[in-house]
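To convert, take the position in the sequence shown, counting from 1, and add 746; that gives our numbering. Down below is the structure, laid out as C-alpha cells.
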Amino acid sequence: MHKVAEDSPTAIAGAMESARADMAEAAACSRAAMPQTTQSSRAGANAALSGFAPHPELFVLTPWRALVALAADWALIAVCLALAARWPHPLTYVAVAVVIARTQLALAVMMHESAHGTLLPNRRLNDALGQAWAAGPLFLSLASYRAGHIKHHLAPMQADDPVAAVFGIADYPVSRMRLVARLLADGCGVSYFVGAWRVVRGDFREILPKASKSRVYLAWELVSILATNGLLFAVLALCGHAWLYAGLWLLPAITLLPLMGRIRAILEHAGLPAGDDQSLNARTIVAPSWQTFLFGPHGIHYHIEHHLYVRMPFYRLGKVHAQLSAAQLLPCGNLFTSYLDVLRAVSGSAKDAAVVRR
C-alpha cells in the first residue's frame, strides 16, 4: 500500500480508536444506529471485495485538509458575491448563482462529512463546525440529517431508505420526459416547496428517524442558523447590497441547489437494487472534472468507495478508488465518466440505458 501520512503507528492506532468512539457516539444520536460494520457486511457475499483491506492510514484524519476545504467553500462564496456587487449584469448574476448553488451543495457535503465524524477527530468540535458552518447556513440540522443518513447506510435503496424517499429516486428508471419534468421542477423551485410541504405534512414520518435533542441543543441549532445567515445578510447590507442575500443566496438555495442535489442523488443510487453488497447499489464518477466540481464536490462522486468505507475522509477516497480499480474489484457497470451518461442510463429506452461506461 502507498503511504499517505507520516503518522506513527501509535498515532494511527489512536486515530482509529477515536474513529470507533466517534462512530459509537454518532450511532447514539439516532434510533437507527449504525453498527460497527465489518468490511464483509458492506460487501455482502463478494468475497474478493470483502478480502480487500485498505491501509489503516487511509482512515487517519488530517484536520487541516477539512478546514482548508471548508474555508475554500466560503472564500468562493465571498468572491462570487463580490463579483456580483462589482459587476452588476444579468450574465454575472446567472454565473454567480450557479457557482453559489454548487458551493451550497459543497457545504451540504461537508455536513455529510461531519455526520460521519470525519471533519475533526474531536466529536464536539466536529459537530460544532458542521452545524455552524455547513448545516446552519443551509437552514439544516446536522443531528436530524445524521439520524436519517445513518439509516440510509444500513440498507441503501430498501423500501425505508430515507435518501431514496426524500430525493424520490426509488422509481428509476423513468421516461426521459419524466426526468426532464423533475429537473425543471427543481430548477423552478417547485420541488423545494413541495418537499417542504411533504415534510410538514408528515409524509416521511415513518421513514425518517427522529434525532433526540435537548432544549439547549435545539437552541444551539437555531442560533447557528440565525447567526450565519444574519452575518451574511449584515455584511451584504453594510456593503450596500442587501438584496444579494435574497437574490444570490436564498434563491439559488431553493432552485439550483435542489436541481444539483437531485443530479447528485441520481448518480449515487437511482435505479440500482437493494442488496448486501454495497458496491452494487452505488455509482462512482471515476475522475474529477468540471462535472464533479458542480455535482460531486469534495470527492462525493466516489460514492461506491464511500459506502464501502464510511469512516474514510473524503480526501482519501480517490486513493482507495485507485487501489480498488487496480485490483479490478469495482463493478464496471457502476463506473461512469460523466453525469450525463448516468442521466441517460436511468431514463429513456433500454437502448439509451446501454450507455458507454468505463
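Here a beta-carbon is modelled for each residue, glycine too, at the ideal position from N, C-alpha and C.
Could you spell out the range, first to last residue, of the alpha helix (DSSP H) harbouring residue i?
i, result
"residue 1106", "The displayed coordinates of the chain run from 747 to 1104. Any statement about residue 1106 would go beyond what the structure contains."
"residue 1078", "Run containing residue 1078: none; DSSP gives neither H nor E here."
"residue 820", "809-832"
"residue 801", "No alpha helix (DSSP H) contains residue 801, which DSSP labels as neither H nor E."
"residue 1087", "1085-1091"
"residue 908", "908-912"
"residue 887", "First-last for residue 887: undefined, no H or E at that position."
"residue 876", "869-876"
"residue 866", "Here residue 866 belongs to no alpha helix (DSSP H), and DSSP marks it neither H nor E."
"residue 793", "793-796"
"residue 789", "785-789"
Alpha carbon to alpha carbon, how far is residue i from residue j?
i, j, result
"residue 953", "residue 908", "6 angstroms"
"residue 997", "residue 840", "11 angstroms"
"residue 983", "residue 941", "30 angstroms"
"residue 944", "residue 950", "7 angstroms"
"residue 779", "residue 897", "In this prediction, residue 779 scores a pLDDT of 35, lower than 50, which makes its location untrustworthy; the coordinate-derived value is nonetheless stated afterwards. The alpha-carbon atoms of residue 779 and residue 897 are separated by roughly 7 angstroms."
"residue 1068", "residue 881", "31 angstroms"
"residue 811", "residue 1061", "8 angstroms"
"residue 1063", "residue 986", "42 angstroms"
"residue 793", "residue 1070", "14 angstroms"
"residue 823", "residue 1078", "36 angstroms"
"residue 842", "residue 1041", "16 angstroms"
"residue 1008", "residue 929", "8 angstroms"
"residue 977", "residue 967", "15 angstroms"
"residue 820", "residue 828", "12 angstroms"
"residue 924", "residue 1089", "12 angstroms"
"residue 1026", "residue 1019", "7 angstroms"
"residue 1087", "residue 1035", "14 angstroms"
"residue 836", "residue 934", "17 angstroms"
"residue 992", "residue 891", "25 angstroms"
"residue 981", "residue 872", "26 angstroms"
"residue 969", "residue 979", "15 angstroms"
"residue 783", "residue 910", "Because the pLDDT of residue 783 is 36, which lies under 50, any placement of that residue in the model is unreliable, and the number read from its coordinates should be weighed accordingly. So the alpha carbons of these two residues sit roughly 21 angstroms apart."
"residue 946", "residue 905", "21 angstroms"
"residue 927", "residue 937", "11 angstroms"
Quick check: residue i and residue j, are their CB atoms within less than 8 angstroms of each other?
i, j, result
"residue 1028", "residue 1049", "yes"
"residue 999", "residue 850", "yes"
"residue 932", "residue 1004", "yes"
"residue 963", "residue 1013", "no"
"residue 1066", "residue 1051", "yes"
"residue 1053", "residue 788", "yes"
"residue 831", "residue 990", "yes"
"residue 866", "residue 856", "no"
"residue 888", "residue 876", "yes"
"residue 795", "residue 1075", "yes"
"residue 1006", "residue 878", "no"
"residue 965", "residue 893", "no"
"residue 798", "residue 1073", "yes"
"residue 994", "residue 844", "no"
"residue 804", "residue 1058", "yes"
"residue 790", "residue 1045", "no"
"residue 800", "residue 1055", "yes"
"residue 899", "residue 858", "no"
Is residue i near the ligand MG, going by C-beta to nearest heavy atom under 7 angstroms?
i, result
"residue 1031", "By its list of ligands, the structure shown contains no ligand whatsoever, and the ligand MG lies outside what it can speak to."
Let me know if residue i comes out buried or exposed under the rule of 16 or more other beta-carbons within 10 Å of its beta-carbon.
i, result
"residue 939", "exposed"
"residue 870", "exposed"
"residue 1039", "exposed"
"residue 806", "buried"
"residue 917", "exposed"
"residue 960", "exposed"
"residue 1024", "buried"
"residue 767", "Note that residue 767 scores 40 on pLDDT, short of 50, meaning its location in the model is unreliable and no value can be drawn from it."
"residue 860", "buried"
"residue 903", "buried"
"residue 972", "exposed"
"residue 1092", "buried"
"residue 814", "exposed"
"residue 955", "buried"
"residue 948", "exposed"
"residue 777", "At residue 777, the pLDDT of 34 sits below 50, so the modelled position is not reliable and the matter cannot be decided from this model."
"residue 920", "buried"
"residue 818", "exposed"
"residue 854", "buried"
"residue 825", "exposed"
Practice prompt. Go through the stretch 914-962 residue by residue and report every complete run of the alpha helix (DSSP H) that reaches 4 residues or more, in order.
Written response: 922-933 and 936-947
Worksheet item: What residue ranges within the stretch 969-1011 form continuous alpha helix (DSSP H) runs of no fewer than 4 residues, ordered along the chain?
Response: 997-1000
Discussion item. As an exercise, report each continuous alpha helix (DSSP H) stretch of at least 4 residues that is fully enclosed by the stretch 1017-1073, in chain order.
Written reply: 1036-1041, 1049-1054 and 1063-1072
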